[in-house]
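Down below is the structure, laid out as structure tokens.
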Amino acid sequence: MDTRRRMLESQDHENAKTRRSRGGLVRVVRPKARRTGIPTTGPLLCEKALEFNWGLGADPDFKASQGWLDKFKRRHGIHGREICGEKLSGDQLSADAFRVVLHTFMEEGGYDEEFVYNADKAGLNWKSLPTRSLVAHHEAHTSGHKARKERVTVMICANSMGSHRLPLFVIGKPANPRSFRNVKKLPVVYSHQKKAWMNVHVFNEWFERTFIPEVKRYQSSIGKTGKVLLIIGNAPAHPSAECLNTIDEMATVKFLPPNVSSLIQPMDQGLIGTLKLLYRKQLLRQLLSSEDDTPESVASFYKRITLKDFCYMAAES
Numbered sequence: 001m002d003t004r005r006r007m008l009e010s011q012d013h014e015n016a017k018t019r020r021s022r023g024g025l026v027r028v029v030r031p032k033a034r035r036t037g038i039p040t041t042g043p044l045l046c047e048k049a050l051e052f053n054w055g056l057g058a059d060p061d062f063k064a065s066q067g068w069l070d071k072f073k074r075r076h077g078i079h080g081r082e083i084c085g086e087k088l089s090g091d092q093l094s095a096d097a098f099r100v101v102l103h104t105f106m107e108e109g110g111y112d113e114e115f116v117y118n119a120d121k122a123g124l125n126w127k128s129l130p131t132r133s134l135v136a137h138h139e140a141h142t143s144g145h146k147a148r149k150e151r152v153t154v155m156i157c158a159n160s161m162g163s164h165r166l167p168l169f170v171i172g173k174p175a176n177p178r179s180f181r182n183v184k185k186l187p188v189v190y191s192h193q194k195k196a197w198m199n200v201h202v203f204n205e206w207f208e209r210t211f212i213p214e215v216k217r218y219q220s221s222i223g224k225t226g227k228v229l230l231i232i233g234n235a236p237a238h239p240s241a242e243c244l245n246t247i248d249e250m251a252t253v254k255f256l257p258p259n260v261s262s263l264i265q266p267m268d269q270g271l272i273g274t275l276k277l278l279y280r281k282q283l284l285r286q287l288l289s290s291e292d293d294t295p296e297s298v299a300s301f302y303k304r305i306t307l308k309d310f311c312y313m314a315a316e317s
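What the sequence shown shows, in UniProt numbering, is residues 1 to 317, in sequence order.
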């Protein structure tokens, strides 16, 4: 009986320790978010919870599921707020007015929310590692590697219900990357531009050859039809709405007003940041899985990793 009681007390102690440590997520993540302005997203909290759990050697069955996340947020009074780097310059009045205009436009046009899409892009130096590192208190600095500036532009597009996400659109510099040879089908849609930037020609190509066909395939797969609305940011790299709206009668494009993307654009509310975070994690895993941990092995890793590797890792993020 004493043995059983000791086992139960030990288990209660471990459970309490685990709960306190997971609660420590709040003490770690919230101050950092305030200092850095980095969005604290659901996926980020789940990832940190898994790290805490693994570090404690606690519950091996802990999954950091959506159900756990919901309970965690209720327990600690966490709820969503629109935050991003441009928030201070965002025009809240224009954002509110656009919401009203958009709602009216959708109602009068008979748009199904399932066919309302949003797309946004971001630049990414796909070979760069984190620029900061944890060090012991007596260390003034730590050695690292020169940041590699091999840039791509990535664009995410999905519908407002989250039920349809298009393949990631990647813009690189080379027209025919050597690593793509003998690859029958990439998990992303790839295009090229001499500086790996989005421009009018590249966007138009994506809209006509990827967006419209992918949406039509999705509609066919669910047995529904309807007009499609694509909402995008107001940027010089995009063709005019008048030009895009003549490509296919089923698809209409609306631009967000200037200076409000950070306040109302879904892709600007953490999705792109999450993509970058998950990609960096995969890149680090690949590096850490190398047989050696010398500076030479890191240099060798950078030589081995290719644009094809990036495409596969980004598609899984």
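For every residue, glycine included, the Cβ atom is placed at its ideal position computed from N, Cα and C.
Since the model is a prediction, treat every value here as computed from it, not as a measurement.
Let's test the definition: count the other Cβ atoms within 10 Å of the Cβ of residue i and tell me whether it reaches 16, buried, or not, exposed.
| i | result |
| --- | --- |
| Ser220 | exposed |
| Gly67 | exposed |
| Asn159 | buried |
| Met313 | buried |
| Cys243 | exposed |
| Val228 | buried |
| Glu161 | The sequence as given places Met at residue 161; Glu does not occur at that position. So Met161 ends up on the exposed side. |
| Gly233 | buried |
| Asp120 | buried |
| His164 | buried |
| His238 | buried |
| Val189 | buried |
Sorted by chain position, which residues of the same chain lie with C-beta nearer than 7 Å to residue i's C-beta, five sequence neighbours on each side aside?
| i | result |
| --- | --- |
| Lys194 | Lys173 |
| Glu113 | Ser160, Met161 |
| Ile272 | Asp120, Ala122, Ile156 |
| Glu150 | Asn125, Trp126, Lys127 |
| Cys46 | Ala64, Leu69 |
Would you identify the three-state DSSP class for residue i, choosing helix, strand or coil?
| i | result |
| --- | --- |
| Met106 | helix |
| Gly123 | strand |
| Tyr312 | helix |
| Thr210 | helix |
| Tyr302 | helix |
Sorted by chain position, which residues of the same chain lie with C-beta nearer than 8 Å to residue i's C-beta, five sequence neighbours on each side aside?
| i | result |
| --- | --- |
| Leu102 | Ile231, Lys254 |
| Gly109 | Lys227, Leu229, Thr252 |
| Lys216 | Met250 |
Whole-angstrom Cβ separation of residue i and residue j, contact assumed at under 8 Å?
| i | j | result |
| --- | --- | --- |
| Trp197 | Phe310 | Not confirmed; about 17 Å, so no contact. |
So, for residue i: in the same chain, excluding its five sequence neighbours on each side, which residues have a beta-carbon less than 6 Å away from its beta-carbon?
| i | result |
| --- | --- |
| Phe115 | Gly226, Val228 |
| Leu287 | Phe301 |
Continuous beta strand (DSSP E) assignments of at least 3 residues falling wholly in the region 156-208:
Here the runs fully enclosed are 169-172, 189-192.
As an exercise, report each continuous beta strand (DSSP E) stretch of at least 3 residues that is fully enclosed by the region 212-294, in chain order.
Listed in chain order, the beta strand (DSSP E) elements of length 3 or more contained wholly in the region 212-294 are 228-232, 251-255.
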